[in-house]
Structures are given as C-alpha cells and as structure tokens.
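Undergrad: Just passing along the structure, written as structure tokens.
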C-alpha cells in the first residue's frame with residue numbers, strides 16, 4: 004500500500020479524530036469552498052534508499068498533515084493535532100509495507116484572512132515504506 008493511502012486510511016479509521024473533522028480528508032490542499040474543519044496531506048520530500056546495484060530498497064517520505072478549522076478557539080485544533088501525532092508515532096505496519104512511521108514536529112497557529120479566523124495545526128511525520 005502506498006504511504007499516501009495508508010495515511011489517509013489511518014486518519015479516516017480514527018473515530019476520535021473524524022469526530023473533529025466534518026469537512027473531509029484531502030490530498031494536497033482542500034478545494035475552495037470545502038467545509039471546515041478539514042484535513043489535508045502532502046508529501047514534502049522523499050529519500051530513496053538503494054543498494055550498490057541501484058535497486059530501490061525503501062522510500063523515506065516526509066509527510067505534512069494539516070488540520071484546519073474556521074474558528075476563534077484553538078481547542079479542537081489542539082485535540083486534533085494530539086490525535087494525529089499519536090496515530091503516526093512509532094508505528095510499524097508490516098501488512099501494509101510500512102516499515103516505520105514517526106512523529107517529527109508540529110506547529111499550531113491562528114491565521115486571519117480578511118476577518119475570517121482559522122486555526123491550523125500542522126503535524127510532520129516520517130514514513131518509511133518498502
């Protein structure tokens with residue numbers, strides 16, 4: 004299974020997280036007009052591990068998962084960020100060719116766009132696949 008599909012399925016399988024996400028889970032940036040709160044995910048970088056014969060052994064990807072809520076309060080964003088971190092830190096899923104998944108860093112901030120207030124929680128994870 005691809006890392007993208009694995010991440011998306013793992014997010015959607017979390018009842019606790021999906022209770023905080025009424026707008027859906029998107030690859031890349033959510034389409035304009037999408038309901039909030041929502042989650043989007045993007046692969047930031049990939050490092051391929053090869054042997055001396057240039058055979059690809061594994062991929063080491065950095066993924067960015069963003070929870071975005073149109074709200075003055077950061078409470079839901081904070082909760083969602085903590086859940087996302089726990090879903091992906093120190094995970095091994097042999098059945099889906101996930102060698103390892105680890106939490107790397109997070110950031111939370113408030114953004115004002117023309118008087119519309121958004122709470123954004125970003126979680127970066129590293130996923131190593133076969």
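Numbering (my numbering), first residue to last: 4 to 133.
Glycine is no exception: its CB is placed at the ideal position from the N, C-alpha and C atoms.
Within a Cβ cutoff of 6 Å, which residues of the same chain sit near residue 68, ignoring the five residues on either side of it in sequence?
TA: Mapped onto the chain shown, residue 68 falls at position 65. 44, 87, 126.
Undergrad: Looking only at C-alpha atoms, which of 58, 42, 62 sits nearest to residue 51?
TA: Residue 51 sits at position 48 when you count from the first residue of the chain shown. For residue 51, the nearest C-alpha among the options comes from 62.
Undergrad: Measuring CA to CA, which of 101, 22, 19 is closest to residue 6?
TA: For the purposes of this step, residue 6 is taken as residue 3 along the chain shown, with counting starting at 1. Measuring from the Cα of residue 6, the nearest candidate turns out to be 101.
Undergrad: Can residue 79 and residue 23 be called in contact, C-beta distance under 8 Å?
TA: As a first step, residue 79 is located in the chain shown; it is residue number 76 there, counting from the start. As a first step, residue 23 is located in the chain shown; it is residue number 20 there, counting from the start. Between residue 79 and residue 23, the C-beta gap is smaller than 8 Å, which places the two residues in contact.
Undergrad: Closest to residue 30 by C-alpha separation, out of 19, 21, 12, would be which residue?
TA: Counting from 1 along the chain shown, the entry for residue 30 is found at position 27. Closest by alpha carbon: 12.
Undergrad: What is the C-beta distance between residue 81 and residue 111, in whole angstroms, given that I count them as a contact (C-beta under 8 Å)?
TA: In the chain shown, the residue the question calls residue 81 occupies position 78. In the chain shown, the residue the question calls residue 111 occupies position 108. Between residue 111 and residue 81 the Cβ distance is about 7 Å, and since that is below 8 Å, they are a contact.
Undergrad: Considering only residues of the same chain and omitting the five flanking positions on each side of residue 108, which have a CB-CB separation below 6 Å?
TA: Working through the chain shown from its first residue, we reach residue 108 at position 105. Cβ neighbours of residue 108 beyond the five flanking positions: 127.
Undergrad: Taking all protein chains shown into account, decide if residue 60 is buried (16 or more other Cβ within 10 angstroms of its Cβ) or exposed.
TA: Walking along the chain shown from the start, residue 60 turns up at place 57. By the 10 Å Cβ count, residue 60 comes out exposed.
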